[in-house]
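Going by my numbering, the sequence shown opens with residue -13, and the numbers climb by one from there.
Here a beta-carbon is modelled for each residue, glycine too, at the ideal position from N, C-alpha and C.
Read the structure below first, then the notes.
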Amino acid sequence: MAQTSSKIYGINPVKAALEAKRPIEKLWVVKSFRTQRLKQLVSQARQQGILVQYLEKSILDRKAETPHHQGVIAVVAEKDLVEWEDLLSVANDRG
């Protein structure tokens, strides 16, 4: 099985993911953050044991593939995916 992850960016979407206790692998935050809202997100992430990494804005722009990330990106773990071969193997075993 393979596990995938996706990125959520922007203050409100990341806040919603944190409040919903989604399985966040890490939080990327712009190094020069100064807003109270970003500080609250960082605090909430740390309370949940989420790794917080501070990056330059240009790096966040590349990771989000847009400059409109509001200084925060969450890397969210998705559900495990089953490989096609594994699924066939289980089906064959069951007859």
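Out of Gln34, Gln26, Ala60, point me to the one whose CA is closest to Leu41's CA.
When each option's Cα is compared against that of Leu41, the closest is Ala60.
What does the Cβ neighbour count give for Trp70, buried or exposed, with the cut at 16 atoms within 10 Å?
Of the residues assessed, Trp70 falls on the exposed side of the cut-off, its CB having fewer than 16 other CB atoms within 10 angstroms.
Using 8 angstroms as the threshold, is the C-beta distance between Tyr138 and Ala50 below it?
The question about residue 138 has no answer, for the chain in this structure spans -13 to 81.
What's the C-alpha gap between Ala31 and Ile10?
Ala31 and Ile10 have their C-alpha atoms spaced approximately 9 angstroms apart.
Selected residue, minimal CA-CA separation from Val15, among Gln33, Asp47, Glu5, Ser(-8)
Of the candidates Gln33, Asp47, Glu5, Ser(-8), Asp47 places its Cα closest to the Cα of Val15.
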